[in-house]
Amino acid sequence: MNIPGLLLNPLKNVSVSYAWYNKQNGIIKWRFMNPNNKEISFILLRGINYNNNVSDVYPFGNAFYPVYYENFGVEFALRPVPLKNTGIESNSPPLAVFENPDDTKFVAFLFTLAPGETYEMLEGGWNGIEPGGISTVTAHYISTGRFSIKFNTDQCSLYNSEANENYPCPENPLNVRSSLMSLRKIVKPLFNDNITPVNPDNLSLNQLIWYILEQL
Numbered sequence: 013m014n015i016p017g018l019l020l021n022p023l024k025n026v027s028v029s030y031a032w033y034n035k036q037n038g039i040i041k042w043r044f045m046n047p048n049n050k051e052i053s054f055i056l057l058r059g060i061n062y063n064n065n066v067s068d069v070y071p072f073g074n075a076f077y078p079v080y081y082e083n084f085g086v087e088f089a090l091r092p093v094p095l096k097n098t099g100i101e102s103n104s105p106p107l108a109v110f111e112n113p114d115d116t117k118f119v120a121f122l123f124t125l126a127p128g129e130t131y132e133m134l135e136g137g138w139n140g141i142e143p144g145g146i147s148t149v150t151a152h153y154i155s156t157g158r159f160s161i162k163f164n165t166d167q168c169s170l171y172n173s174e175a176n177e178n179y180p181c182p183e184n185p186l187n188v189r190s191s192l193m194s195l196r197k198i199v200k201p202l203f204n205d206n207i208t209p210v211n212p213d214n215l216s217l218n219q220l221i222w223y224i225l226e227q228l
């Protein structure tokens with residue numbers, strides 16, 4: 013008998029671990045493995061472990077995604093698709109919009125792994141500190157749509173300060189087409205951006221033409 017809301021074959025948690033790739037430069041290597049016989053999508057939560065005290069646990073990709081999108085060619089996923097291994101130094105997951113059970117939304121990296129797939133990627137910025145509070149949260153695809161994202165520009169200034177760079181921010185609000193992924197537990201982002209679905213009735217003529225073409 014099937015009972016609504018009951019998962020008869022719940023997916024196992026993704027195996028996640030990290031190791032130093034270049035400790036002198038604060039670069040770590042993340043390794044993910046899907047132990048299931050089904051595809052799985054998820055986000056990575058991790059914080060800062062400093063002197064055995066863990067702080068600032070938030071979704072990977074949430075802090076600096078405007079910089080990634082504008083300057084590093086990181087796109088928003090239109091649908092969850094298993095990640096392709098192009099080499100550890102070039103591997104990078106796409107972004108997506110995630111929705112909490114209370115309808116709040118945030119942007120983060122979307123990880124999707126095929127059955128049995130292993131995926132590795134690098135992350136910098138770990139000079140003198142290490143990750144802590146590491147876990148994954150399974151995400152489920154809802155739909156694909158257009159979103160207006162009013163983000164906190166501190167995300168750009170903080171990245172440039174830490175990296176000693178001067179990367180520009182994208183337009184604000186940021187208007188993107190993205191998959192919407194649901195979470196079954198509330199995840200707190202580092203920044204509380206204002207994310208709203210775009211109503212086609214409010215688009216300009218050129219925007220409306222692009223919107224219609226995207227639906228084809």
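Per the numbering used here, the sequence shown starts with residue 13, numbered consecutively.
We put the CB at the ideal spot given by N, CA and C, even for glycine.
Because the structure is a prediction, the values reported are computed rather than measured.
Assigned exposure category for V62 - 16 Cβ within 10 Å defines buried:
Residue 62 is actually Tyr in this sequence, not Val. By the neighbour-count criterion, in which 16 or more other beta carbons inside 10 Å mark a residue as buried, Y62 falls on the exposed side.
The alpha helix (DSSP H) enclosing P113, as first and last residue numbers:
Bounds of any alpha helix (DSSP H) do not take in P113, whose DSSP letter is neither H nor E.
Apart from the five residues just before and just after E142, which ones in its own chain have a Cβ nearer than 7 Å to its Cβ?
The answer, listed in chain order, is N61.
Just to confirm my understanding: we take N164, look at its own chain, exclude 5 residues before and 5 after, and list those with CB closer than 7 Å. What are they?
Excluding the 5 residues flanking it on each side, N164 has same chain C-beta neighbours closer than 7 Å at F203 and D205, in chain order.
Anticipated Cβ contact below 8 Å, L170 with Y131, distance rounded:
The pair is not a contact, with the Cβ atoms about 27 Å apart (cut-off 8 Å).
Grab the span of the alpha helix (DSSP H) containing S102 for me, first residue to last.
From DSSP, S102 is part of no alpha helix (DSSP H); its letter is neither H nor E.
With a threshold of 16 other CB atoms inside 10 Å of the CB of P105, please say whether the residue is buried or exposed.
Answer is buried; the Cβ neighbour count reaches 16.
For R43, which residues from the same chain have a beta carbon less than 6 Å from its beta carbon, with the 5 sequence-adjacent residues on both sides left out?
Excluding residues within five positions, the ones whose Cβ falls inside 6 Å are S29 and E132.
Three-state secondary structure (DSSP) at K50?
DSSP places K50 in coil when its eight states are reduced to three.
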